[in-house]
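To start, the structure itself, in structure tokens.
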Amino acid sequence: MAIFPTFESVLLQIAKALGANSQMNSKSKTKFKDVDMEMDNLSTTWERILADIADALGLDEGAKKDLISNVADDYLLHKRVELEVYSSKASQRKIVWHYLARIIIPALARHTVFWQTESKMDEGMPSGRFWYLPAVDSPIEPTQLLLPVPQVLNWLIDLIQDTNTSIANNLENDLKIHDGHGTVLKNLYNWENAKSTPEVSSINNLFPDEVNIQFCGCFEPDEKSSQFEQALGFIEKKGLSYDDLQHEIDINCEDLKRILKSECSVAEQQDFVRRLKVRYQAPSSKVIRMRLLIARAIQEGYQQLVKFLTPKVDKLSFDLNENKTLQLVELYNYVYNLTFDAHIQKGFLGQHAENKYFEEQLPSFFRYDLLRLFTSDNEHDIPWSTLDRINSIFSRSGEEDILDNIFPTTEHESEKMHKIVKEEGDYLNDFFFRRDMLIDKLKKNKSPFKQLQSIDDFEVVYGARIIHMNQYSNPNIGDMIVERLKSLESNPTETMKRILFELEIHLILNKLGSKTEEKVSALLDEAKHCDDFEFSKANILRYEALHYIAQNKLKEAKKNLDLAIDECKKKYSFGTFRGWLARDAFALVIANQKLIPNNHEKYFRDMYYWGVLKRETNIYDVSRDLHEYFWKTLYKCYPNYQPQFSDCSNDIEKFSRDFAECIKNEHSIELVLKKHKALKNKQLKYPQADSIILLMMKMNYELLRKLNYNKQMVPTDIVKEISDVCNRMIQGIRKVIELWPEIVNVSDFKEQTPLMFAANTKDYQTVKTLLKANADPNKQDFRGRTALHAAAASRCWKSASFLLEYGCDAAIAGPEGSTALHTAIRMGEIAIVELLIEKRPELLKIKDSKGILPEQLARKIATDPFAYELLNQFLKSEDRSVVSLDTYKKVLEFF
1 MAIFPTFESV LLQIAKALGA NSQMNSKSKT KFKDVDMEMD NLSTTWERIL ADIADALGLD
61 EGAKKDLISN VADDYLLHKR VELEVYSSKA SQRKIVWHYL ARIIIPALAR HTVFWQTESK
121 MDEGMPSGRF WYLPAVDSPI EPTQLLLPVP QVLNWLIDLI QDTNTSIANN LENDLKIHDG
181 HGTVLKNLYN WENAKSTPEV SSINNLFPDE VNIQFCGCFE PDEKSSQFEQ ALGFIEKKGL
241 SYDDLQHEID INCEDLKRIL KSECSVAEQQ DFVRRLKVRY QAPSSKVIRM RLLIARAIQE
301 GYQQLVKFLT PKVDKLSFDL NENKTLQLVE LYNYVYNLTF DAHIQKGFLG QHAENKYFEE
361 QLPSFFRYDL LRLFTSDNEH DIPWSTLDRI NSIFSRSGEE DILDNIFPTT EHESEKMHKI
421 VKEEGDYLND FFFRRDMLID KLKKNKSPFK QLQSIDDFEV VYGARIIHMN QYSNPNIGDM
481 IVERLKSLES NPTETMKRIL FELEIHLILN KLGSKTEEKV SALLDEAKHC DDFEFSKANI
541 LRYEALHYIA QNKLKEAKKN LDLAIDECKK KYSFGTFRGW LARDAFALVI ANQKLIPNNH
601 EKYFRDMYYW GVLKRETNIY DVSRDLHEYF WKTLYKCYPN YQPQFSDCSN DIEKFSRDFA
661 ECIKNEHSIE LVLKKHKALK NKQLKYPQAD SIILLMMKMN YELLRKLNYN KQMVPTDIVK
721 EISDVCNRMI QGIRKVIELW PEIVNVSDFK EQTPLMFAAN TKDYQTVKTL LKANADPNKQ
781 DFRGRTALHA AAASRCWKSA SFLLEYGCDA AIAGPEGSTA LHTAIRMGEI AIVELLIEKR
841 PELLKIKDSK GILPEQLARK IATDPFAYEL LNQFLKSEDR SVVSLDTYKK VLEFF
């Protein structure tokens, strides 16, 4: 039982290591980690966590923007993988191991190159190693592993140039710490010897801005004598050898020997002094805190990884084969250095040249395997993508918990990795060739049974199902493939693959026949008794849900789909399958029900975040599409069951027919209403939840809108005929309103009422009819808009006048805190602006949510060409008419 990490879970781990976002409770963290929050809250939480991380690192605004930009890039990279990964039988250790090695570590290393190139994050630190990563004390004959916090402390103590006891005493005296327990000294000892990882609060308390630290080990030359001579004296006093110094100031050993013997140019002397000044400068308290915080965050992460990946290994072990986490460190070093080299060598030629150079330096086992995600696809002759590779590794039986080396520890292992990649690539190329040959022969219907019998490889036969079965001219090929698979399957995994394929044939690809129910029942039973059931439970639950739908057991089907989604959330990763399950569950729950955004957002959220929705959309539009999808596609019943239909379709069809007949023949509407009295005060049972009258209004208004838009392409007589029919229908709707006053305040799924629609369409006669029938003029839709907002937006003076006459509250704030006066000003509708000021002068003093008064808004639009152009573009995007800048200047004259 293991799932691919969400990016949100990674973000939480980073925040925790930095001591950021501590105000979130455990329930909120779990919901965020599982992407199980309301979408607005999820977005807000993202912003808050990123802001907390930036604050913890002390980043300025520019660095914050870079952080957010890089995190956004990494999120998209992560999502690209997450949507295609199937965790199969792999252990959580194995999943995390490959996730870090193939995605997180390389991405972080490449980002850091550009962070450090553009910032001064490392200024003053030893240049020969990554101070924030675990590192051995010597690359040639290592004796110990140095963790990040001890490395930073060694740097700091060297600059202070005093004993730990003296440093601790000075800090205690300066900060007035008199606990008598030697806490500061104990902390320094434990941190320096990696006995414990410092708490964030301890770092902040020990090195506040006001602390006064005396740095006696810094290089601060004066002007009294040669700075170069002072530099040589400083090095001698420090006792630094050539080898030591080249790791401190990034000058190679041979050049250092010349410089220290004064056998160098003046320019070299000046460069040497400059480098020494930077390396041995006195850091501020802020810099000390930042470096210790970064070091403790990475050290904490390192220690947790060692414990998780290799629980029996000591965190200070520097054996790469034993301490797997150090392989990730080596991978980071390698990718960072190669990226940096590519930037130096080819950066001036552009990103493409830089990336190409990076790729060309990679050995084959990195280029075609581990780092495939960071190389271009078009030049590879290895037949797999990163996602294919990960899924293949996760599905291997007998290797569920094996952590293969990802970084070669010897030359022999490097050769072995190269050989494995080549052999597996050759095997896969051969597999694809044999599979495609089989598919081609089956398409041509050349002795398909004989062709299938000649193949003894289960995977090749199974691969023949990848194309749609309707591409095979012989409709029996699917059954032939199944029979051949049965004879070849030799383990539970293969059995489950065959069962799932059979279920797909019966429930999705083929029409439901008289024996389908019996066959599906038998297959579901076989699946539940298969040893691989646990790993494919989500798939089986989905097929069982389709089975229940075909039996008209919709409640049971919904329960199964919810259980399948839970499997994807908590047990195993199935990529986009989670999104498709959510789509079917969403379609099912609104098949005969109003959309309730708060209740149904969980399905929409999973569709959105798990790759089903390919464009920007909203839950309202999606619900409409899914209602149609359910009844046209998802719902199929077995032949011996009574077919079901949408509850609302019967009501709509019968009322529309009777209503149209009545209008056409000019019969009394009362008889129609008596026949359909059950619809008098009810929302129709479908996502939009219109009343029957609101639906009729929408249909006629939309038809008139389209007719007006296309009238140049439609013959005049047809335009007139359709317009006449629509107008007669609307007149009939007004009569229904008079006879059924109970229906006037029944809103749809967006809380929109008939009054709002009539006002928005400039149908002032229907507005008046609705108001006479006691329509509530103060109702607000889901965005807070009223009918008066709609009248102002549609530029309908008569509708606005009627609404004011019937006592609407003009001060009600809609979107962004705007009153109808704000809306009228934005539309540049002089008549309505004048009407509102005359009838409701108090509106002049009401500010919107940004604190803008109507007069200020009018002045901004009338005097700022950019604001005017921006507003014009927005109105056009909303299919609203626009007016000239002169009109807005006339609006301003009312203030």
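Going by full-length UniProt numbering, the first residue of the sequence shown is number 1, and it counts up by one from there.
Note that beta-carbon positions come from the ideal geometry of N, C-alpha and C, so glycine has one too.
- Within the same chain, Cβ atoms closer than 8 Å to the Cβ of D243 are found at C253, the five residues on either side in sequence being excluded.
- Secondary structure at V85: coil, using DSSP grouped into helix, strand and coil.
- Under the DSSP definition of a beta bridge, V136 partners with L145.
- Secondary-structure assignment with DSSP links A791 through no beta bridge to anything.
- Selection L595, R289 and N560 evaluated against L59 yields R289 as nearest (Cα-Cα).
- Separation of the CB atoms of T197 and R296 is rounded to 6 Å, and the pair is thereby assigned contact status at 8 Å.
- Taking a cut-off of 8 Å for Cβ pairs, the stretch 51 to 58 and the stretch 540 to 558 do not touch, as fewer than three such pairs fall below it.
- In this structure, L485 lies away from L503, with their beta-carbon atoms at least 7 Å apart.
- Nearest neighbour of I837 by Cα position, chosen from Y635, T143 and A792, turns out to be A792.
- Out of F574, G575 and I540, the CA that lies nearest to the CA of N560 is found in I540.
- Approximately 13 Å separates the beta-carbon atoms of A867 and V891; this is outside 8 Å, ruling out the contact.
- A773 is bridged by DSSP to nothing; it lacks a bridge partner.
- Beta-bridge annotation (DSSP): Y572 is paired with A2.
- Between V421 and Y368 a beta carbon distance of about 5 Å is seen, short of the 8 Å cut, so the two are scored as contacting.
- Relative to L581, the option among K570, L260, A564 and I852 whose CA is nearest is A564.
- With respect to F458, L500 sits apart: the two C-beta atoms are not nearer than 7 Å.
- Collapsing the DSSP output to three states places W131 in coil.
- Taken in chain order, the whole alpha helix (DSSP H) runs of length 4 or more contained in the stretch 363 to 439 are 386 to 394.
- Residue state for M756 is assigned as helix, using DSSP reduced to three classes.
- When the alpha-carbon of H789 is set against those of K772, Q765, S691 and T761, the nearest one is in T761.
- Relative to the Cα of S88, the nearest Cα in the group I3, I53 and N41 belongs to I3.
- Taking all protein chains shown into account, C808 has 16 or more neighbouring C-beta atoms within 10 Å of its C-beta and is therefore buried.
- For C648, the uninterrupted alpha helix (DSSP H) run begins and ends at D647 to N665, by DSSP.
- When secondary structure is reduced to three states using DSSP, S241 falls in the coil class, being assigned neither helix nor strand.
- In the three-state reduction of the DSSP assignment, N205 falls in the helix class.
- In the DSSP assignment, C253 falls within the unbroken alpha helix (DSSP H) covering C253 to L260.
- Per the coordinates, the alpha-carbon of N170 lies some 14 Å from the alpha-carbon of N187.
- For H343, the enclosing alpha helix (DSSP H) stretches over residues T325 to K346.
- Just measuring C-alpha positions, the residue of E82, W46, I14 and L77 sitting nearest Y572 is E82.
- When secondary structure is reduced to three states using DSSP, A297 falls in the helix class.
- When the Cα atoms are used, T44 and L634 turn out to be separated by approximately 35 Å.
- No Cβ-Cβ contact shorter than 7 Å links K277 with F234.
- For Y806, same chain residues with a beta-carbon under 8 Å away, outside a window of 5 residues either side, are L771 and P777 in chain order.
- In the three-state reduction of the DSSP assignment, E838 falls in the helix class, which pools H, G and I.
- In this structure, DSSP gives R785 a state outside helix and strand, which the three-state scheme calls coil.
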